[in-house]
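Heads up, the thing below is written out as structure tokens.
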Amino acid sequence: MCPWQGELKRIDDYRWEIPQDYKSGMKVAGLVFADEQMLSVIREEQALEQVANVAFLPGIVGHSMAMPDIHWGYGFPIGGVAATRVHDGVISPGGVGYDINCGVRLLRTNLSEDEVRPKIRELINHLFNNVPSGLGSEGKIKLSEKEMDELLRLGAGWAVNRGYGKPPDLEVTEEQGCLQMADPGKVSARAKKRGAPQLGTLGSGNHFLEVQVVREIYDQNAAGLMGITHRGQVLMLIHTGSRGLGHQVCDDYLHVMGVAVSKYGIALPDRQLACAPVESDEGRDYLAAMACAANYAWANRSCIAHWVRESFAEVLGKKVEQIGLEQVYDVAHNIAKLEDHVVDGKKQRLCVHRKGATSAFPAGQKGVPEKYRAIGQPVLIPGDMGRCSFIAVGTDRAMQETFGSTCHGAGRVQSRGAARRAMRGIDIAGQLAEQGIYIRTGNPDELAEEASSAYKDVNDVIAVTQGAGISRKVAMSTPIGVIKG
Amino acid sequence: MDKQFEVIEHTADIGIIAYGREPGELMANAARGMTSLMIDPLTVQPALSNKIELQEQDDVTLLVEWLNEIIYALDAEGLIFREFAVAISAGLKLSAVCYGEKLDAARHKLKREIKAATYHNLNIVKLNNVYSAKIIFDI
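Protein sequences, first through last, are from chains A and B. Number 45 in the working numbering belongs to position 44 of the first sequence; there are no gaps in the numbering. Number 0 in the working numbering belongs to position 1 of the second sequence; there are no gaps in the numbering.
This is the structure we're talking about:
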């Protein structure tokens, strides 16, 4: 891949602009959050061209944005944020991606590292057996057609009603685990068939379960509200999405949008950006189907969290209530949502696409759970399996500049092939064991593709979001046990 | 023609360039290339056949939908294929027979999950009587 040669205007240490005149057809400028060193890596591929391409979307406002974990995607870059006006703008399934509502859920415990480390192998092995993961894995819950439709309408609430999760979990889930605009009638039979056997499965690729230990607390007050009180405290992080159901919804609607771009006379530089007016039949149908897939993902993470709780209780010989395992938060990082934001001094209804980006609403904002209204919405930012993860909160600055958005993770720097070649002959599980991290995976061949060296250092990514003021870090944790899907 | 396909790299995902002397061969080789990313095809027995028929308004959509049919067969039906006979007729109609078998965890080792074939920068080009297409997959 050739490096990107376009012009970038430095705004400050953390902000870089792709001028609107970089490419004829851009409706707004691009805005990239990165530091100078990171930028030299980002420039090695065509991710910034994709930021420019997103600026072609009709009705886009503000900037076509890239978070510091940006890397080369297809259509949108991963780490991309774009907001379009609802009344005359478009919605693009490519701005959400195939894994609709891929996201992370964090549970906190009352346990300390000393209590868990001696049993970490047993715990990880138990979790590995209890949570179906890996290629072709099938779930333990069998769904009838009627149940599937209910699940798609209700999201995490469906899971809680079925005993997979607790009512307080919903209060600390983005959108309370349910996008109300869901209409199962807009989801194809194929998507439902693909998703039916996969509920409660982790999947493969970069999806994971991690047992983590708190290493640093930067904001005692915010951390305390989240139930995170001291270094050495054990946390549990779950990363997965909407599985085959979401993939099929995206696929189905890219086909619909491919026809819609001609119908509405929309000119785009990349077919993967295919879109339709938000307020068209095609746009509304996609939003209704996407909401179903998002709801499926929230139900999926609820089911997995339930088995995580069971596994901890069984291995540690304690009741779940004694262990804690309360949910801190659950965020989506591949989603489009209709939100009100102030643009040019006026409140506007926007369709905010977050593709590998997390919402980061500030204190006092509607949409932030009551529990966190005083500190801002929790933001969960996993790093790679050998480094660390961060908990942050949203800020006013994010609301003003990024439609309340920040990064979602570390972001890849190496292709999967390059990662494999670099790690050839290296015992990755052995290396992690030396760092005190026990890992299980159903697909050891894929482990090299997820090696630390294949990712940016999440510390660098967080330094940018912190420096730019689009989220504020609260705590940092490192893994002691990992399941890779 | 010597080369059926080659695997190419993409930071987040993976892709192939498929070749063919005519559109049907291009489609079959694209399917072979994609399958090779999911499994060692030599471990798949051509025990059953599955027909796939499609019609689209343009060749790029036909290629993406064809590959996504094969992904769907694996994800929803548990069917994995190793051989593909594809004919394209007037009006961009695709008729294919895929030969393979039911996935058997005891004998088959999947390499990776492919979520979908994408439209990203996808063009079918004809040069010196050879068709080629670069396809990026979401994994």
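All residues carry an ideal CB built from backbone N, CA and C; glycine is no exception. Bear in mind the structure is a predicted one, so any value in this text is a computation, not a measurement.
So the candidates are the options; which of them puts its Cα closest to the Cα of residue i?
| i | options | result |
| --- | --- | --- |
| H88 of chain A | A:C352, A:Q432 and A:V475 | A:C352 |
| L108 of chain A | A:G60, A:I121 and A:E211 | A:E211 |
| V52 of chain A | A:K24, A:Q38 and A:E37 | A:K24 |
| S453 of chain A | A:G233, A:S93, A:M386 and A:H231 | A:M386 |
| Q323 of chain A | A:A48, A:A314, A:D331 and A:V329 | A:A314 |
| A358 of chain A | A:D253, A:I229 and A:A83 | A:A83 |
| L47 of chain B | B:I138, B:G77 and B:S94 | B:G77 |
| G80 of chain A | A:I336, A:R11 and A:L153 | A:I336 |
| L236 of chain A | A:I92, A:D253, A:V260 and A:F391 | A:F391 |
| G26 of chain A | A:L269, A:K193 and A:S93 | A:L269 |
| P198 of chain A | A:D220, A:V279, A:K141 and A:A399 | A:K141 |
| L32 of chain A | A:A294, A:V55, A:L226 and A:S41 | A:V55 |
| G225 of chain A | A:K372, A:A361 and A:S472 | A:K372 |
| V214 of chain A | A:E435, A:G206, A:I229 and A:Q378 | A:I229 |
| E148 of chain A | A:E18, A:A300 and A:S406 | A:A300 |
Does residue i get closer than 8 Å to chain D when you measure Cβ to Cβ?
| i | result |
| --- | --- |
| E100 of chain B | Of the protein chains in the structure, A and B, none is chain D. |
On the criterion of 16 or more Cβ atoms from any shown chain inside 10 Å, does residue i qualify as buried, or is it exposed?
| i | result |
| --- | --- |
| D282 of chain A | exposed |
| R122 of chain A | exposed |
| T60 of chain B | buried |
| E447 of chain A | buried |
| N122 of chain B | exposed |
| A190 of chain A | exposed |
| H9 of chain B | buried |
| C97 of chain B | buried |
| L41 of chain B | exposed |
| I427 of chain A | exposed |
| P168 of chain A | exposed |
| G415 of chain A | First, the residue type needs correcting, since residue 415 of chain A is Gln and not Gly in the sequence shown. Classification for Q415 of chain A: buried. |
| R20 of chain B | exposed |
Identify whether residue i lies in helix, strand or coil by the three-state DSSP scheme.
| i | result |
| --- | --- |
| S205 of chain A | coil |
| P168 of chain A | helix |
| E46 of chain A | coil |
| Y23 of chain A | helix |
| A190 of chain A | helix |
| V279 of chain A | coil |
| Y373 of chain A | helix |
| H119 of chain B | coil |
| D461 of chain A | helix |
| V235 of chain A | strand |
| Q44 of chain B | coil |
| F313 of chain A | helix |
| N67 of chain B | helix |
| P69 of chain A | strand |
| Y18 of chain B | strand |
| M258 of chain A | helix |
| I471 of chain A | coil |
Taking CB distances under 8 Å as the criterion, tell me whether residue i reaches chain B.
| i | result |
| --- | --- |
| T451 of chain A | In the sequence under discussion, the amino acid at residue 451 of chain A is Glu, which differs from the Thr named in the question. Not an interface residue. |
| R413 of chain A | yes |
| I429 of chain A | no |
| H64 of chain A | no |
| I43 of chain A | no |
| H72 of chain A | yes |
| R302 of chain A | no |
| Y75 of chain A | yes |
| I79 of chain A | yes |
Quick check on residue i - is its C-beta less than 8 Å from some C-beta in chain A?
| i | result |
| --- | --- |
| A11 of chain B | yes |
| R31 of chain B | no |
| E64 of chain B | yes |
| L121 of chain B | yes |
| R81 of chain B | no |
| V59 of chain B | yes |
| N67 of chain B | yes |
| E5 of chain B | no |
| A17 of chain B | no |
| I134 of chain B | no |
| A27 of chain B | no |
| A75 of chain B | yes |
Return the residues of the segment 134–155 of chain A that lie within a Cβ-Cβ distance of less than 9 Å from chain B, sorted by chain order. Flagged, chain order: G135, L136 and G137.
Any residues in the segment 398–424 of chain A with a beta carbon nearer than 8 Å to a beta carbon of chain B? Which ones, in chain order? Flagged, chain order: R413, V414, Q415, S416, R417, G418 and A419.
Taking a cut of 8 Å between CB atoms, which residues from the segment 243–260 of chain A lie near chain B? The residues in question are G245, H248, Q249, C251, D252, L255, H256, G259 and V260.
Residues in the segment 33–51 of chain B having any Cβ partner in chain A nearer than 9 Å: Sequence-ordered contacts of the segment 33–51 of chain B with chain A read M37 [C-beta pairs closer than 9 Å].
Under 8 Å (Cβ pairs) to chain A, residues found in the segment 102–121 of chain B: Here the close residues are L102, A104, L109, K110, R111, E112, K114, A115, T117, Y118, H119, N120 and L121.
Between the segment 201–225 of chain A and chain B, which residues of the former have CB atoms less than 8 Å from a CB of the latter, in chain order? For the segment 201–225 of chain A, which is checked against every Cβ of chain B, the residues closer than 8 Å are G204, S205 and G206.
Just by C-beta distance, which residues in the segment 176–193 of chain A are closer than 9 Å to chain B? Listed by position along the chain: R191.
To be precise: take each residue of the segment 97–108 of chain A, compare its Cβ to all Cβ atoms of chain B, and keep it if any distance is under 9 Å. Which residues remain? The residues in question are G98, Y99 and D100.
What residues in the segment 272–294 of chain A bring their beta carbon closer than 8 Å to a beta carbon of chain B? Result list: R272, Q273 and A275.
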